[in-house]
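What follows is a short report on a single structure.
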Amino acid sequence: MSALPNEPHGPPDTTTLHMLIYSFLLHNNCGRTAKAFARTCGLATSSCLTNGTAPKHLLGTVGREAQQGKRPAAKANVCVEAESDTERANKLIDHHIECLRIRQSICSSIENGEPEVALDLLTTYFRAVLIPPEQSSSPLPLRREFNATLLRFRLDTQYYIELIANHQELDALVFGQRTLWRYPDILDTWLDHSGFLPQDNLKSEVVPREELKLKRAEIMQHITNVAALVAYPDPRKSSLAYLLGQERRNELAAAVNSAILQTLNFPREPAMVTLVRQLATTSACLFGMSSSSRTSAQQSQDDEQDAARNRPWVLDMFVNSESSDDAFIQ
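When the letters of the sequence shown are read in order and numbered with the numbering used here, they come out as residues 39 to 368.
As structure tokens, this is what we get:
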């Protein structure tokens with residue numbers, strides 16, 4: 039059977055492969071490896087990061103660089119342009135690593151019981167996580183604003199919990215009255231405005247009224263629970279001790295990390311993981327079709343091999359080897 043006329047030949051484009059790996063390393067907080075890989079494979083000395091063909095999340099700028107609006111100036115000479123591409127690529131890589139380190143600092147602060155530090159860093163570098171840019175003048179709750187408000191609520195309640203854990207009950211009471219109890223009022227305002235519109239005509243980005251009601255009830259219940267911590271001489275020995283657990287900190291840090299990645303236009307999961315997942319699924323389907331005619335004696339052994347082959351692909355050993363290390367190659 040002859041090949042199709044447009045069928046590609048030769049090895050895949052190495053630049054695309056390098057981009058997949060580099061993006062994966064950034065996504066999973068492997069800063070040292072990402073920087074070393076970019077230098078080794080040539081991303082730092084080529085124009086692939088600066089010619090507009092790179093993924094969107096590798097082209098944008100945030101934080102201090104975005105606020106100052108700094109962009110390298112283009113020059114006319116061809117040789118100078120080549121040098122300028124290399125310089126711009128290195129600056130962009132340094133910027134990626136700087137954003138990664140700030141992101142790590144935010145998550146580490148939450149995991150270490152310092153959500154107020156995380157809030158300060160978020161306000162300085164990733165303000166859109168807490169306060170999305172206004173998309174309209176409508177008083178209706180848009181999805182991005184709704185999600186940002188819920189995330190801020192989780193950070194504020196965690197701060198209240200940390201105050202209790204550090205035996206600062208009076209500070210916790212003041213903070214609770216001034217901050218936590220304003221969230222039900224925010225939901226009430228949204229509910230009031232959403233009541234004037236037919237729910238079947240709402241745009242997809244507007245949060246439905248029923249979801250607002252459900253979330254308000256959850257917020258009220260959560261405030262009641264965290265506020266009750268102050269009543270116990272030792273909250274860690276109470277029925278609400280789970281609120282002070284490390285697992286809760288880790289879950290919040292993961293949620294904040296995901297929100298930051300979203301504002302940076304990163305995909306929900308690295309493209310390389312998606313490709314591996316698709317490859318595993320395709321291989322499993324093809325293997326299942328080819329093995330359908332095998333004998334029952336062979337099938338038992340094949341099933342064991344299939345089970346091992348189809349276990350969820352985990353990256354913990356690879357990702358966590360550097361995710362908690364804040365020492366980076368300079």
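Cβ coordinates follow ideal geometry from the N, Cα and C atoms, glycine included. The structure displayed is predicted, hence computed values, not measured ones.
Using a 10 angstroms sphere on the CB of Cys323, the tally of other CB atoms stays under 16, which defines it as exposed.
Shown here for Ala309: same chain residues with a beta carbon closer than 7 Å to its own, the five before and five after excluded, namely Leu58 and Ser61 in chain order. Distances from the alpha-carbon of Arg139 to those of Val244, Gln259, Asn128 and Ile298 put Ile298 closest. Ranked by how close their Cα comes to the Cα of Cys137, the residues Leu281, Leu189, Asn295 and Leu211 have Asn295 in first place. Scanning His134, Cys68 and Tyr280 for the CA closest to the CA of Ala82 turns up His134. Under the three-state reduction of DSSP, Leu211 is assigned to helix.
By the neighbour-count definition (other C-beta atoms within 10 Å, threshold 16), Arg315 is an exposed residue. Distance from the Cα of Val167 is smallest, within the candidate group Leu317, Ile144, Leu250 and Ser85, for Ile144. In this structure, DSSP gives Val245 a state outside helix and strand, which the three-state scheme calls coil.
Ile148 is a Cβ neighbour of Ala291, given a cutoff of 8 Å. Cβ atoms of His56 and Phe304 stay farther apart than 8 Å, at about 17 Å. Annotation for Tyr197: Pro153 and Glu154 place their beta carbon closer than 6 Å to its own, counting only its chain and skipping 5 residues before and after. Excluding the 5 residues flanking it on each side, Glu183 has same chain C-beta neighbours closer than 7 Å at Pro170, in chain order. Spatial neighbours of Glu256 in its own chain (CB-CB distance under 6 Å, excluding positions within 5 residues in sequence) are not present. In the DSSP assignment, Phe191 falls within the unbroken alpha helix (DSSP H) covering Arg181 to Ala203. Below 8 Å, too few C-beta pairs join the region 242 to 255 and the region 190 to 207 to call them touching: fewer than three. In the DSSP assignment, Val155 falls within the alpha helix (DSSP H) that extends over Pro153 to Tyr163. Assignment of alpha helix (DSSP H) within the region 46 to 76, counting only whole runs of 4 or more residues, yields 52 to 65 in chain order.
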